[in-house]
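Residues -19 to -1, 1 to 165, numbered by mature numbering (1 follows the signal peptide of the UniProt record, and there is no 0), are exactly what the sequence shown covers, in order.
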Amino acid sequence: MPIVRRMIVLLLMAGAAGCGDDPGILNPPPSVPPGSPLTVGPVTGCPDAIGREDEPGGTYRVVADVVAVPAPGQVLEPAEQTSGEGPTRLFAKWGLLVRSGVTADLSLLPGWADRARLSWGDTDVEPATAVRVIACPGDGGWSVFAGGTWVIEPDCVPIRITTANGEEATAELSIGTPCSRPGG
């Protein structure tokens, strides 16, 4: 077996072993199919999950049948960030739930790049305007990712959810102030 192929096999085996021992964190799912409508941004995957839930709790709503975000009417209180400026001045922490085996993109709507940012998982990754989230595989349940939303000032932040099969939905989050628009 050529050395390159042997190294790839060893790396794949090591990666699978590191993610599969914890019953809450399973092996990563296959990659997104070619031609998928998902946008590219920082990627958060199974190793970044902090746990699993059977179902989202009552303070969450399911969007596009693949992610769960805070329910309408729930105002997420942002905290001042000492190192933050502009769209990363305030941070509202909330957990994102993603249905097992699903890949989804979460992105800010056009016009929001100067006002907000998103991030879940790896804390060394800069908050971005779009994030791809790959849930752990499984026969049910939801992967839970720590992170949240940054804003320049309290606002009603629209987040677009795009699934691998092209379905799109928008959820509005009340960050420091209630959303007064329908759907928020």
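Using N, Cα and C, we set each Cβ at its ideal position, and we do this for glycine too.
- A straight-line Cα-Cα distance of about 34 Å links Gly122 and Arg70.
- Excluding the 5 residues flanking it on each side, Val83 has same chain C-beta neighbours closer than 6 Å at Val47, Ala116, in chain order.
- In the three-state reduction of the DSSP assignment, Asp29 falls in the helix class, which pools H, G and I.
- Under the three-state reduction of DSSP output, Gly129 falls in the strand class.
- Secondary-structure assignment with DSSP links Ala52 through no beta bridge to anything.
- Gly157 is positioned such that its CB atom lies no closer than 8 Å to that of Phe72.
- Only exposed fits Glu58, as fewer than 16 other CB atoms lie within 10 angstroms of its CB.
- Here Leu99 is not near Leu90, since their CB atoms are 8 Å or more apart.
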